[in-house]
C-alpha cells in the first residue's frame, strides 16, 4: 500500500513537515496550499527537497469553489486554475484536489457542472495534470461521493477523476458500498480519516476533531475493502485536521500517522477476508502477525525518586522484597502473582513513572514482529550474563512494553533478583489494571499504540471532573481481560497541579481484610470524606455493617447490574499511587462515579501539604 | 439584584470555591453535590464556613431522575430525596434543584408526573424545604420550561416551584416570552448562562461550552426582562460548565462571574426600557453609567526588555523621541497622533507587553465609575508634581486602561516628556488597532472586560492556523471605530513556542511610501514568501505595477467588496511587533487571510534564529 500524508496534519514549517514525513517512512505527501504559500522556498526548491527526502508529491490541495457557477465566474475560475496548474508543473505534482463548491455555486444541475469540469479537464490537459474531484460533506449542491461520481461520469474526461475521503462519506452516514461500482481508473486519490463519533456540525467536526485511522470510531477496514475491490492501486493518504496534532511534535505525529496506515492495511486485509485480495484487488494489503492476548501481566516497573516511601507502602500492602537485581539498580517486590520492579528514574531521559510493563505472551518474537511492523521503536533489554532474554518496544510516552514467555508460573527472570524475604501473604492475586495518565500530546497516539500493537479493544471514553479540570479516560482491554489499561488525558492548560499521577490497581478477593491487615502494619489510606459515605447510603440500599466497614477503612464502593466493586487508594507518592480492588460478581467497571471524589481527595492532600504515610 | 454562583463554576476544593465567591462579592452560592461529597468538611462546618464568609447557601443541586417512573422506583426516589432533604437541613439550605428526568422516566403523562411531584412536595414539607423543578434541554419527556410550568401548576403544591435556566431555554431556541405568564412565587430559582452559538449536540454544548453572561451569543437582557416582569425577586445565579473555568484560578473566575452579572443587570434595565422597572418589577436592575466611545487612542504603553531595538524600529518607521518622563523611567515616541510610551517591564509583577492603553474620553470620571461598578480593579497613576491626573483600571491579563480628557489635540501629559526631537514626518495618522494575545485562562474574561467596561461591540470570532496550532481571534470595536482590539487566544498546550506576540497596528494613508521611507532608514520588514504573491496574483486581478511594489516592499494585500487593505509587519522584537496598515475605500477587516502567512513567517524567523534588524 502506497502511503501519503497531507502536510496540514503536521505542525511546523513546510520543511519540518517534509522531514517528519520522510523520517516516519511515508512514500509521499500532499502539499496543502497554505503551507506552500507560507514557505520561503520556491516551488522548484520544494520539489527538489522532497526528492532528496525520498518523498513523492502526490497531490496539490485544495482548489475550491469551481463548478456550478455563472459564465463570468467560470472564466475567472479557469484562469485561477491555470495559474495553479502552472505552479503544479513547477512543483512536479500531477494531481490537484478539487473540492465541491461550497460558496459560489448557483446551480445544482449536474449536466452543467459536468460541462464546466470538462472545460477544466481541457485546461488540465494543456499542463499534463489531473483533477481529483471530492464531494465535501457540506458542499452546496454536491455533498455525496455518489453525486460526485455521477458528475465525473458525465464529464467523461481522462484528466478528471475522483478523490474519496472517508471522513466526508462516513460522517454523513453514507454507505461506502457503492465505491465498488466506480472504475478504479476514475479514483485518482484516497484520503483516510477516522473521527470520534460526535454529534457536532460536520464542518467543525471535520476541521477540529479528525483522527488517524484506529484512533476514532469509524469502520475504516470495511471502507478500504470496498476501495480495494475496485482495483484502485494509488496512494492511501491521511488528511487529518486536528487541534492537538497542529500543536504537537511533527515527527511524533508522523510516526503515529504511519502506524495508523499499517494498522489500516491489516484491518483491510481482515475485512477482505483471507486470503486477502478478492476479485480485482491490485493493492497489496498485508495483515499483521496475529497475537494471542497476554497470559498475565508479568511485572510493572516503577521509576520514582521516592523509592524508600514506596518500599514502605509495598510492605504495608503485604508485598515482600526480593532484593536488587544482580546487575541493575532495580529491585523486585512481589505479592501473589503481582510483581513490582522498583528503581530510581534513569538519568538523562524523560520517563513516565510507570516506566515498563512486562507481558507473558505465547510467542514473544511474534509479538515483537507485530510491534515492529507497526513502527514501534524496539528497546533491547540490557542483559547481564545469564539474564532471561526479553524483547520490548517503547510506547508514545516513552514507557516500555516487554514480551516474555513465562506463563502463569514464576518467570525465569525473577531469580535474577535473588531470594525473597519472608512469606507471601498471598492476598493480592494479580495486577487488575493500570491507569496511565498521558500528556495531551500523546493521548490519541497512545490509544492507537495499545489498540494496534497489543491488539486491545477500546471502550467508550468517559470524562471525570477533577478539581483542576476535566480528565478524559479511555479504557483498553485484552480479549481475555488480563490486561486492562485506562489512559487518562491530563487537561492541557492547568500547569503543574494538573500532572495526574499514574497508578497500579491490584486485585484481591477480600479488600476489607487486606485493608485491615495493611492498617495493622501502619498503612494509612487516602482519606475519603464522610459525605461520600452519606451519599452512597442515600444512593444504594447498603448493608449497615458493610457501610460501617467501608467508612472505617476508607474503602469506596460501586454497584451495577453485574456486581459490586470495593476499592481503596494509597496516598500519591510523588507521581504514583496504588489501588487495591475487589470485584464481586461480574462487575467490569472501575468505579468511575468514585473518581471525582478520589481526585478531589488527592488534590486536598497535595494542597494540605500533609506528610505522606505518617 | 441578589447574586449567586454554583460551586461547579470554580476550580479547586469547596473551601477554595467559597473563598473565591465571597471575595468576588457574591451574595450566595449553589452547592453542587459532587463538591460537597468530595469535601472533608461536615455539612454543619460548611454551613458555618459560608456564614463566616457572608455567603448564603441558596440551592442544593442537582437531584435527578425522579418523576414519571413506576411505583417501585418512586418509593426509592422518595427515600433518596428524604436523605438529601435531611442533609439540606444540616447545611441550612432551603431549596433543592430537581432536573427533569433523563434516564428512568417511563411515562410522559403530565398528570402522573404532577402527582409524583406532589408526593415529593409532601416529603419536602416535613423537612421545611422547597423543590425547584427545571426542564433540562435533553430531558426524556420534559424538555421545555413551559412543560415544566404546566406540571408544577398541576401539582399545585406550595413546596414545589420552578428553576429557570437560560441555557436550557435559549439553546433549544425556545421563546422566553412565556416566562411572563408564570406567577413570581412559583419561580424558586434562576440560573443565567451565556454560550457561543454552536451547532453541537445540546448536552456537550451545555457541559463544556457555557459562558458567563456577556461572553457568548445569547440575548440575555431580553430573557431577564421577561423574568423581572413576573415580579421575581430571588437570586440570579450562574451555573456555568466550562472546560477552561474548571482549570483556571477560582478567584479570577469569580470576579469575571460577578462582572457578568453586573453587566447583565445593566442589559436588563436597557431591555426593560427606561425608567427601569415596568409593571410588576420588584427586582432592582440599575443601569451602568453610559459612556461615549473614545475620541482617540491617546497612547499605547509597551513594556519590553528590548527597549534599544524598539527605539531603532520606531525611528525607522518615522517616530520621533520626546525623551524620558520627568519622574518615571518611561519615554515617549510620537508620529502624527500615534503615541508610544516605552519602558522596561516593572519588576515584581507579570505584565503583558502591551501594558497600557490610554483613551481620550468625554468624561473620564464617568468612565471610571462604570469600570468600578463592573469590578475592574482601579490602578491609580503614580503622579509627580504637576502631572496630568489620569484614572485607570486593570484588565484581566494585568494590562491597564487609562481614561484621559485630552480630545484630538495634544494631551497635556505629553509635556511631561519634554520637547520632541526632530520633525514629525506625519505619515502615520493614528493607532488603527491593537492585537492583544491572551493566555487561555483570560480569553473569555478579556472579551467580557472590553465588551462591558469600554462598551465595545463584539464581531464573530475567526480561527487562524499558525504553525503551532489554531489561534482564535475575537475582534471588539467601539461604535465610532476609533478603538479596535483583536483578542487572540493562544493555544493552551503548545508551550514556549506558542507565546504569540502582541502587536500595534498604525494607520497611514500611503503604506507603500511609508515602507519606502522606512527602508531608506535601514528598516527590514518581515519577509513575506514569494509564493504568497504568486497566490494573490492567481486570486485577484491585480495591477502588475502594484503587485511589483507589494512584492518588493513585503507589503501584504487583501480585498473585499468594500475596499482594499495593504499592510506590512516588522519582525517580532521579543514579544511584540508592529504593523502599518492602509485602508482603501471602506475596507473594515484585518487581512485575516494573510494571518497564517504572517504567523508562519514569524515562526520561520524565530526558528531560523536570525539576528533582528540587521
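Chains as they are written, first to last, in this note's numbering: chain A, 1 to 614; chain B, 615 to 1228. Cβ atoms here follow ideal geometry from the backbone N, Cα and C, with glycine treated the same way.
| query | result |
| --- | --- |
| Extent of the continuous beta strand (DSSP E) to which residue 936/B belongs | 934-938 |
| 8 Å Cβ cutoff, residue 1079/B in contact with chain A | yes |
| Helix, strand or coil at residue 1222/B according to DSSP, with G and I counted as helix | helix |
| Other residues of its chain near residue 508/A: CB distance less than 8 Å, five sequence neighbours each side excluded | 427, 428, 429, 514, 580, 581, 582 |
| Limits of the alpha helix (DSSP H) - the one that residue 402/A falls within | Note, residue 402/A: premise wrong, no alpha helix (DSSP H); beta strand (DSSP E) at 400-404. |
| Beta-carbon gap between residue 489/A and residue 462/A smaller than 8 Å | no |
| Buried versus exposed call for residue 1228/B [16 or more other C-beta atoms within 10 Å across all chains shown] | Confidence in residue 1228/B is poor, its pLDDT being 28 and thus under 50, which makes the residue's placement too unreliable to answer from. |
| Same chain only: Cβ atoms within 6 Å of residue 573/B, ignoring 5 sequence neighbours per side | Absent from the model: residue 573/B. The displayed extent of chain B is 615 to 1228, so no value can be given. |
| Residue 638/B beta carbon near the ligand MN (any heavy atom closer than 7 Å) | With respect to small molecules bound, the structure shown includes none, and the ligand MN cannot be examined in it. |
| C-beta neighbour in chain A for residue 964/B, strict 8 Å | no |
| Interface residues of the segment 10-42 of chain A facing chain B [CB-CB below 7 Å] | 11, 12, 13, 34, 36, 37, 38, 39, 40, 42 |
| Helix, strand or coil at residue 419/A [DSSP, three-state] | coil |
| Option in 13/A, 6/A, 10/A with minimal Cα separation from residue 28/A | 6/A |
| Extent of the continuous beta strand (DSSP E) to which residue 796/B belongs | Note, residue 796/B: premise wrong, no beta strand (DSSP E); not H, not E. |
| Three-state class that DSSP yields for residue 191/A in the structure shown | strand |
| Element boundaries [beta strand (DSSP E), containing residue 92/A] | No beta strand (DSSP E) contains residue 92/A, which DSSP labels as neither H nor E. |
| CA-to-CA distance, residue 344/A to residue 330/A, given in whole angstroms | 8 Å |
| First through last residue of the beta strand (DSSP E) which encompasses residue 344/A | No beta strand (DSSP E) holds residue 344/A; DSSP gives it neither H nor E. |
| Three-way DSSP call (helix, strand, coil) for residue 907/B in this model | coil |
| Neighbourhood of residue 197/A by C-beta distance below 7 Å, restricted to the same chain and skipping five residues each side | 217 |
| C-alpha distance - residue 312/A paired with residue 608/A, whole-angstrom precision | 22 Å |
| Cross-strand partners of residue 823/B (DSSP beta bridge) | 856/B |
| Listed by chain order, chain B residues near residue 119/A by CB distance under 7 Å | Chain B residues near residue 119/A: none, gap ~18 Å exceeds 7 Å. |
| Beta-bridge pairing of residue 124/A - partner residues as DSSP gives them | DSSP output for residue 124/A lists no bridge partner at all. |
| Residue closest to residue 717/B, alpha-carbon to alpha-carbon, out of 826/B, 689/B, 683/B, 771/B | 683/B |
| Within chain A, the residues that residue 871/B reaches when beta carbons sit closer than 8 Å | Chain A residues near residue 871/B: none, gap ~17 Å exceeds 8 Å. |
| Presumed contact (8 Å Cβ cut-off) between residue 264/A and residue 220/A, rounded CB distance | 6 Å |
| Chain B within 8 Å of residue 276/A, Cβ atoms only | With a pLDDT of 45 at residue 276/A, under the threshold of 50, the modelled position of that residue is not reliable, and the figure given next carries that caveat. Chain B contact via Cβ: absent. |
| Proximal residues of chain A, C-beta to C-beta of residue 1084/B below 7 Å | 243, 246 |
| Reduced DSSP category for residue 497/A - H, G, I as helix; E, B as strand; rest coil | Because the pLDDT of residue 497/A is 44, which lies under 50, any placement of that residue in the model is unreliable, and the question is left without a value. |
| Where residue 87/A meets chain B, residues with beta-carbon distance less than 9 Å | 1145, 1148, 1149, 1152 |
| Below-8 Å beta-carbon distance, residue 906/B vs any chain A residue | no |
| Completely contained alpha helix (DSSP H) runs for the segment 1081-1161 of chain B, where each covers 4 or more residues | 1125-1134, 1144-1153 |
| Near-chain B residues of the segment 576-600 of chain A (beta-carbon distance less than 7 Å), N- to C-terminal order | 596, 597, 600 |
| Between the CA atoms of residue 22/A and residue 55/A - distance to the nearest angstrom | 6 Å |
| From 473/A, 519/A, 441/A, 282/A, residue whose alpha carbon lies closest to that of residue 554/A | 519/A |
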